[in-house]
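Colleague: Heads up: the sequence shown begins at 363 in my numbering, then just goes up one per residue.
Right, I'll just put the structure down here and ask away after.
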Amino acid sequence: MLEARTLHEIVEQPEAWAAAIRSFDAAAPEVARLFREGSPDEVIFTGCGSSYYLSMTAAAALQRVAGLRSRAVPASEILQFPRGVFVPGSRPLLVATSRSGTTTETLRALEMARRRGIATLSLTCAPRSPLARGADFCIISPKGHEESVVMTKSFSSLLLLGLLLAAQRAGDAGLRRELHRLPALGRRVLKIALPLMRDVGMAASRFVFLGAGPAHGIAWEAMLKLTEMAQRPAVTYHPLEFRHGPIAAAGPGTVAVLFGTEGGKRLEKALVRDLRRQGVSVVALGDDWSMAEAETEVALGVGLSDAARSVLYLPFAQLLAYHRAVGAGLDPDRPQHLSSVVRL
363 MLEARTLHEI VEQPEAWAAA IRSFDAAAPE VARLFREGSP DEVIFTGCGS
413 SYYLSMTAAA ALQRVAGLRS RAVPASEILQ FPRGVFVPGS RPLLVATSRS
463 GTTTETLRAL EMARRRGIAT LSLTCAPRSP LARGADFCII SPKGHEESVV
513 MTKSFSSLLL LGLLLAAQRA GDAGLRRELH RLPALGRRVL KIALPLMRDV
563 GMAASRFVFL GAGPAHGIAW EAMLKLTEMA QRPAVTYHPL EFRHGPIAAA
613 GPGTVAVLFG TEGGKRLEKA LVRDLRRQGV SVVALGDDWS MAEAETEVAL
663 GVGLSDAARS VLYLPFAQLL AYHRAVGAGL DPDRPQHLSS VVRL
């Protein structure tokens, strides 16, 4: 098999991040105006598939740093159950994300919000798409679009736009500086992840992805990447929820990938030790994993907040899926039954 385009797109992520930062910085005055004029009391992030998962991380970060109620819902939830999403009397801002800007459910969710007089902001890689044109304002990831079916650099660059949104709304200059460091740090991380993930889980029968706070959406995206590219069974849990039932099925043959947080580090390290006693192969990623006893410990040592560091976890998840796909003789660029855009 020729080297997959997906691999190139994973490696190209730092350049996509740098372009996304420039795009957001140019759009920042209009974003500030949207918040100022709408004075939202809640931000609802929405999308489908990967775009929904990045919405989870963006919403967690915005609520944490800005103190503004934020949540993520699938676009289909808005489409099917709008009264369960939009609260009468509230002033929400809907942030709708789609790589192509043509995903049916996301477009219909946007239209449903607009009919209710709700302010809308879109994040996309396609500046001329219906999503870009249909929202009150749109922020573009100029170098996020892929030729491959699965989202890699589009996911991470659109997530970065969401995190920059959180930093601006909070007036958090520290988080903004962290996010501006990501392109340079991403190049360093890729040098670690490219060889490390080649052999992880070669003989595994089951994969588990664990993440809390901003890392919870990353864990869901890691599960999806492995399912899409490698067609391997995988599940996602909040780390501490794993003890409440799922651990019964864990043992030899299970690989658990933990996307660590500083806020939950002590409890997450204890979980790693429990999983190792069950015979689980654990890959633990974080800023510092000393004494965690994981089989594979990746201490990034970048000194970032949980929200900013979550972006740096993505190459590890993507490369795990890529290598398991190639190892199984599958084409990671064109997984079966999938297309780049879902249209109803």
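In this text, a Cβ means the ideal position worked out from N, Cα and C, and glycines have one as well.
According to DSSP, E630 sits in a beta bridge with which residue or residues?
Modeller: Note: E630 sits in no beta bridge, so no partner.
Colleague: By DSSP, does G524 sit in helix, in strand, or in coil?
Modeller: Note: G524 maps to helix in three-state DSSP.
Colleague: With DSSP as the reference, identify every bridge partner of I501, one or two as the case may be.
Modeller: In the DSSP output, where bridge partners are listed per residue, I501 has L485.
Colleague: Taking only the alpha-carbon atoms, compute the straight-line gap between V435 and T419 and give it to the nearest angstrom.
Modeller: Spanning the two alpha carbons is a distance of roughly 12 angstroms.
Colleague: Would you call P391 buried or exposed, if buried means 16 or more other Cβ atoms sit within 10 Å of its Cβ?
Modeller: With fewer than 16 other Cβ atoms within 10 Å, it is exposed.
Colleague: Inspect the beta-carbon positions of A656 and A646 and report whether they are closer than 8 angstroms.
Modeller: Yes, they are a contact pair.
Colleague: Let me check understanding here. Comparing Cα to Cα, which of E374, L455, V562 lies closest to T616?
Modeller: Among E374, L455, V562, the Cα nearest to that of T616 is on V562.
Colleague: Ignore the nearest five residues each way along the sequence and tell me which others in L364's own chain have a CB closer than 7 angstroms to its CB.
Modeller: The pLDDT assigned to L364 is 47, lower than 50, so where the model puts this residue is not dependable, and the model offers no usable value.
Colleague: Could you check where the beta strand (DSSP E) with S401 kicks off and where it finishes?
Modeller: Counting along the chain, S401 falls outside any beta strand (DSSP E), and DSSP gives it neither H nor E.
Colleague: I need the DSSP call for G496, collapsed to helix, strand or coil.
Modeller: The answer is helix: DSSP assigns G496 an H, G or I state.
Colleague: In or out: P677 buried (at least 16 other Cβ within 10 Å) or exposed?
Modeller: Classification of P677: buried, given that the 10 Å Cβ count is 16 or more.
Colleague: Exposed or buried, what is F713 when buried is set at 16 or more other beta-carbons lying within 10 Å of its beta-carbon?
Modeller: The structure shown does not extend to residue 713, since the chain spans only 363 to 706, so no value can be given for it.
Colleague: Any idea what DSSP makes of P376, helix, strand or coil?
Modeller: Three-state result, P376: helix.
Colleague: Mark A528 as exposed unless 16 or more other C-beta atoms lie within 10 angstroms of its C-beta, in which case mark it buried.
Modeller: Per the 10 Å Cβ criterion, buried.
Colleague: Quick one: is L629 buried, meaning 16 or more other Cβ sit within 10 Å of its Cβ, or exposed?
Modeller: So L629 ends up on the exposed side.
Colleague: Just how far apart, CA to CA, sit A618 and L455?
Modeller: Rounded to the nearest angstrom, the two C-alpha atoms are 36 angstroms apart.
Colleague: May I ask you to list the residues that DSSP assigns as paired with L469?
Modeller: DSSP lists no partner for L469.
Colleague: Considering only the alpha carbon of each residue, which of A423, A690, T408 lies closest to A532?
Modeller: The residue with the shortest Cα to Cα distance from A532 is A423.
Colleague: Closer than 7 angstroms by C-beta to D707: which residues in its own chain qualify, once you throw out the five before and the five after it? Chain order, please.
Modeller: For residue 707 there is no data in the structure shown, the boundaries of the chain being 363 and 706.
Colleague: Am I right that L520 and L485 are in contact with their C-beta atoms under 8 angstroms? What's the rounded C-beta distance?
Modeller: Contact flag correct, Cβ pair sits at about 5 angstroms.
Colleague: Report the CB separation of I580 from A679 in whole angstroms; it is logged as a contact under 8 angstroms.
Modeller: Confirmed, Cβ separation roughly 7 angstroms.
Colleague: Using DSSP's beta-bridge definition, name the partner residues of E659.
Modeller: Per DSSP, A646.
Colleague: So, at 6 angstroms on beta carbons, what are the nonlocal neighbours of V660 in its own chain, with the 5 sequence-adjacent residues on each side left out?
Modeller: Contacts found: L647.
Colleague: Which ranges does the alpha helix (DSSP H) cover as unbroken runs of at least 4 residues, wholly within the segment 525-561, from first to last along the chain?
Modeller: The qualifying runs are 535-558.
Colleague: Closest to R639 by C-alpha separation, out of T658, A596, P614, would be which residue?
Modeller: Cα-wise, what sits closest to R639 is P614.
Colleague: Short check: CB of V449 to CB of L483, under 8 angstroms?
Modeller: No. Outside cutoff.
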